[in-house]
Ligand SMILES: Cc1ncc(COP(=O)(O)O)c(C=O)c1O
Ligand SMILES: Cc1ncc(COP(=O)(O)O)c(C=O)c1O
């Protein structure tokens with residue numbers, strides 16, 4: 145049972161006012177709000193169970209280490225990894241992609257190798273690969289998208305050669321909402337022995353993800369986009385790949401022994417977790433995932449799909465509204481332009497009405513180039529949003545049009 | 145006025161019980177506990193002001209960006225940096241050192257260059273330099289310590305040549321408590337045009353630090369060791385150095401513009417803050433620093449010095465106790481061995497008495513090698529600790545000795 | 445009129461409106477009335493890159509006064525620019541340097557000028573002051 | 445006695461003590477009585493590296509039974525090892541593989557065996573089982 149009233153009550157911020165108006169938060173692709181259970185878990189941990197993890201023999205350290213490692217297990221189960229040691233805690237999606245680009249790249253990428261990235265990727269899934277290619281004299285190529293915002297599969301296949309070592313693609317595009325057919329993309333890449341990194345930042349919170357079934361080599365996401373704290377993210381990697389990769393950062397906890405002559409690195413996952421990890425962030429992520437698991441991701445998906453369909457239809461009724469991104473399969477995001485009104489102007493007015501949307505390039509400039517535009521207005525949804533909020537958005541857009549007639 | 149009762153009341157965890165005994169938390173060098181104002185700030189932010197920073201035009205995003213940038217200013221003032229843009233938020237000390245080792249190293253370190261690191265450094269201030277030296281075929285040398293645990297200044301001067309490009313030294317050693325004379329170390333290094341990174345992880349919370357007066361090139365510390373959240377840390381760097389350094393990670397927010405052909409990087413500090421930063425962690429750090437600033441770091445230092453002196457004297461009365469680290473200037477930490485009782489055994493028994501100390505190598509194996517030991521028992525203090533707690537520690541140690549007579 | 449007087453006048457005009465919508469309408473109107481910006485000055489050197497709205501600024505120094513012209517692609521940004529031009533264009537460098545922009549706060553538009561708003565306006569004000577400083581230095585040579 | 449019976453006996457013995465101090469005294473005593481470990485088996489291959497306490501384990505396969513000897517440098521760790529040796533040494537591979545170590549929990553020492561305690565004991569148990577599996581495979585060849 146999906147009880148939207150009860151769910152909204154779980155999120156304290158949703159009852160706040162903005163300029164005297166009810167907050168309508170439609171910027172969920174940027175970051176999600178946090179349920180009370182997560183906020184309370186953080187307070188409780190800091191009030192009763194805080195100690196550094198892994199290294200001590202005392203009660204508090206044991207308690208916090210147990211919570212930290214339990215969170216790892218929750219995440220392992222959530223994305224169905226084979227082993228807990230395949231779950232590496234990072235600062236976020238960006239940190240996770242940089243880790244792979246550096247560490248996998250350092251070991252396996254050579255001059256002339258090719259890395260493929262979709263034209264629709266977030267900057268965080270472009271720039272780390274650019275930097276790697278610069279260091280290694282490898283070649284970054286973009287997989288074109290079509291005018292609906294879908295990856296052009298034929299062109300993708302044309303680009304695949306034995307030179308391609310890595311394919312990095314989002315599960316869901318953050319600027320357009322396109323659900324990429326990653327299963328097919330992964331399958332094809334594997335035929336050429338390329339490794340595939342899936343950027344799950346906009347996918348993992350919307351539908352069930354099974355990394356073993358997908359057979360992706362790396363999967364990354366951010367805690368703050370799935371109802372947990374900022375400063376925590378996840379890198380899943382296949383065990384045998386992570387085993388072969390050199391460490392990314394050096395420091396405490398990632399080593400077996402250190403001397404000035406020789407340092408031995410620790411086993412997975414610690415090899416990739418140098419320094420004091422953000423154990424509280426990890427615990428908050430475990431708690432957030434328990435929360436949505438209890439609601440049931442299938443229920444969430446059903447509700448969100450209904451909401452998204454409603455939004456897609458309702459926005460059609462707004463005059464002069466032009467959607468950017470009209471893929472057959474979409475989730476979470478509607479991106480659009482309103483006549484020739486500047487997205488910034490629209491955003492300013494909507495803000496005053498209590499409606500939080502994002503405007504601009506959404507850290508995906510190549511997409512904007514593709515469509516020949518400077519930016520869009522983007523409404524993005526979570527399962528605590530309602531049809532009424534979408535109605536308010538549409539009314540807001542009419543108001544905007546009246547002001548900039 | 146320093147009112148220890150009031151201060152202890154500010155820290156909720158200090159009133160908890162462990163195995164039915166009062167918690168005596170003497171593991172502050174590993175991580176510190178959090179005052180209520182910090183815990184409440186986190187809850188309040190998540191309940192009322194959460195939105196992703198920097199990129200949106202709506203009210204919540206503005207509010208959270210303002211809080212984030214205000215925290216940066218608080219930190220700038222706290223360590224007296226010249227500009228806010230010299231304050232880079234990182235995951236922690238380890239992350240900050242890795243950033244410098246990679247980015248400064250990428251640009252400025254060449255084959256045959258020398259990097260000097262004290263023998264007493266934490267692994268986090270050794271391994272990143274080792275990794276850099278491996279990549280660049282540079283040479284890592286250790287500055288020896290004497291048998292009191294102080295850096296041997298004469299040997300340091302002998303090691304200084306024009307080949308030395310970086311000197312990386314802790315303000316305070318985490319395993320021994322030695323306060324290094326970083327002012328002199330920095331001065332000497334600069335005579336040879338070497339840059340100096342100061343690891344302030346164990347210093348910044350104990351006494352006033354002025355990076356301009358010290359004239360260090362880089363200064364790093366962790367939020368969780370100065371009463372703030374995990375997952376946040378600070379890199380201070382001189383503006384002209386940071387300007388010259390290439391970015392460390394690629395992603396959202398650290399770029400001016402992205403295309404597959406060319407990416408332009410953003411100005412400081414954003415150039416080094418790829419991806420969604422841990423803005424909540426940063427805000428908690430700002431709050432923690434406001435809290436200790438209000439108590440006044442000088443009051444804290446006076447109290448902590450008194451406490452440390454008491455501990456040093458009182459522990460002398462414990463039979464067979466041998467201190468490891470007897471520098472003339474120490475703070476925060478007392479490391480020792482108890483006859484030939486294994487530190488792990490001692491830690492287990494103290495734990496059952498509610499006393500949390502750390503045992504082992506404290507992520508500083510070269511120090512243990514220096515003293516020819518496998519580990520120590522380490523008690524480390526914060527300003528919420530009391531003389532009574534130190535008395536309890538001493539009683540606990542007697543109990544330990546009785547068990548392993 | 446001094447820059448202070450102009451600002452007081454602006455505050456008075458805006459005080460007629462209680463509602464932010466009306467204030468924005470006024471801003472938009474001011475934007476529409478802004479002296480047209482010469483397209484040939486839309487050079488990379490004149491652009492001030494905010495993340496969201498592009499802003500252009502051009503300066504000429506004529507008879508001891510700095511003449512600014514400016515433009516923006518978002519209308520609200522353009523309106524605020526018009527307001528700033530009313531205060532700061534056609535002034536001596538000294539006047540420009542000494543002006544404190546108190547009216548923005550008072551009419552409730554400070555949000556548009558918060559340094560964290562990615563709209564380029566804060567950078568534009570900085571740029572205006574920089575021009576004034578540069579021209580003053582030139583005059584004193 | 446089966447491994448289950450040995451464990452039940454251990455639980456009974458420990459149940460005499462209410463106080464954890466007494467339990468630890470008992471553990472320490474068991475550690476002191478542990479069959480001495482042959483120093484020549486303190487090889488790198490036999491060491492199980494926990495961060496805090498070093499643990500050594502050696503296995504021999506004699507007459508269908510696995511004979512373990514072990515040592516640790518911390519006495520509490522050594523005591524727990526002694527306890528494990530009582531249960532698991534001198535058993536057939538099958539017995540070892542099938543044994544569930546329920547007594548550790550029941551006598552309140554689970555903390556010492558939490559996977560997050562850096563004392564090497566969890567790894568030691570894993571290693572014991574691995575030896576048993578290996579010897580069983582050999583027998584079935
Ligand atoms: C002196 C010193 N340097 C570096 C570190 C590493 O800090 P963190 O684990 O927060 O990255 C620590 C703490 O463990 C430390 O005490
Ligand atoms: C698809 C996608 N990838 C990567 C990122 C970067 O995530 P983060 O900023 O949390 O590192 C985002 C979010 O901004 C995203 O939407």
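Residue numbers (this note's numbering), protein chains in the order written: chain A, 145 to 549; chain B, 145 to 549; chain C, 445 to 585; chain D, 445 to 585.
Think of the CB as a built atom: it goes at the ideal place given N, C-alpha and C, for glycine as much as any other residue.
Chain-ordered chain B contacts of residue i [CB-CB under 7 angstroms]
i, result
"residue 436/A", "Chain B residues near residue 436/A: none, gap ~16 angstroms exceeds 7 angstroms."
"residue 517/D", "486"
"residue 507/A", "396"
Residue i Cβ short of 7 angstroms to ligand 2 heavy atom set
i, result
"residue 268/A", "yes"
"residue 88/B", "With chain B running from 145 to 549 in the structure shown, residue 88/B is simply not present."
"residue 242/A", "no"
"residue 346/A", "yes"
"residue 198/B", "no"
"residue 552/C", "no"
"residue 519/A", "no"
"residue 318/A", "yes"
"residue 264/A", "no"
"residue 124/A", "Any answer about residue 124/A is impossible in this case: the structure gives chain A only from 145 up to 549."
Any non-hydrogen atom of ligand 1 within 7 angstroms of residue i CB
i, result
"residue 314/B", "yes"
"residue 571/B", "Residue 571/B cannot be examined here, being either before or after the span of chain B that is shown, 145 to 549."
"residue 395/A", "yes"
"residue 247/B", "no"
"residue 360/B", "no"
"residue 207/B", "no"
"residue 220/A", "no"
Where the alpha helix (DSSP H) through residue i begins and ends
i, result
"residue 279/A", "271-280"
"residue 355/B", "355-358"
"residue 526/B", "That residue, residue 526/B, is in no alpha helix (DSSP H); it is neither H nor E in DSSP."
"residue 448/D", "447-459"
"residue 579/C", "565-584"
Sub-8 angstroms separation of residue i and residue j beta-carbons
i, j, result
"residue 488/A", "residue 503/A", "yes"
"residue 269/B", "residue 312/B", "yes"
"residue 180/A", "residue 241/A", "no"
"residue 183/A", "residue 187/B", "yes"
"residue 98/B", "residue 493/B", "A question about residue 98/B goes unanswered here, because the residues of chain B that appear run from 145 up to 549."
"residue 499/B", "residue 469/B", "no"
"residue 430/A", "residue 218/A", "yes"
"residue 490/B", "residue 544/B", "yes"
"residue 286/A", "residue 262/A", "yes"
Residues that residue i contacts on chain A, provided the C-beta gap is smaller than 7 angstroms
i, result
"residue 177/B", "194"
"residue 290/B", "Under the 7 angstroms cutoff, chain A gives no residues; its nearest Cβ is about 17 angstroms from residue 290/B."
N-terminal and C-terminal residue of the beta strand (DSSP E) that residue i is part of
i, result
"residue 456/B", "Note, residue 456/B: premise wrong, no beta strand (DSSP E); alpha helix (DSSP H) at 441-460."
"residue 502/C", "498-506"
"residue 502/A", "502-504"
"residue 363/B", "362-366"
"residue 343/B", "339-343"
"residue 379/A", "377-381"
Amino acids of chain A, ordered along the chain, whose beta-carbon sits closer than 8 angstroms to that of residue i
i, result
"residue 503/C", "Going along chain A, no residue has its Cβ under 8 angstroms from residue 503/C, so there is no contact; the nearest lies around 24 angstroms."
Contact list for residue i against chain D, beta-carbon separation under 9 angstroms
i, result
"residue 496/B", "464, 465, 468"
Closer than 7 angstroms at the beta carbon, the chain C residues around residue i
i, result
"residue 503/A", "496"
Chain C contact residues for residue i, given Cβ-Cβ distances below 8 angstroms
i, result
"residue 171/A", "In chain order: nothing, as chain C lies at least about 14 angstroms away."
For the stretch 520-533 of chain A against the stretch 159-172 of chain A, are there 3 or more C-beta pairs whose distance is under 8 angstroms? yes
Taking three-plus beta-carbon pairs below 8 angstroms as touching, is the stretch 492-507 of chain C in contact with the stretch 516-527 of chain C? yes
Can you confirm whether the stretch 360-373 of chain A touches the stretch 332-346 of chain A when touching is taken to mean that 3 or more C-beta pairs between the two stretches lie within less than 8 angstroms? yes
Spell out a yes or no on whether the stretch 438-446 of chain B and the stretch 258-268 of chain B are touching, meaning 3 or more CB-CB pairs, one atom from each, closer than 8 angstroms. no
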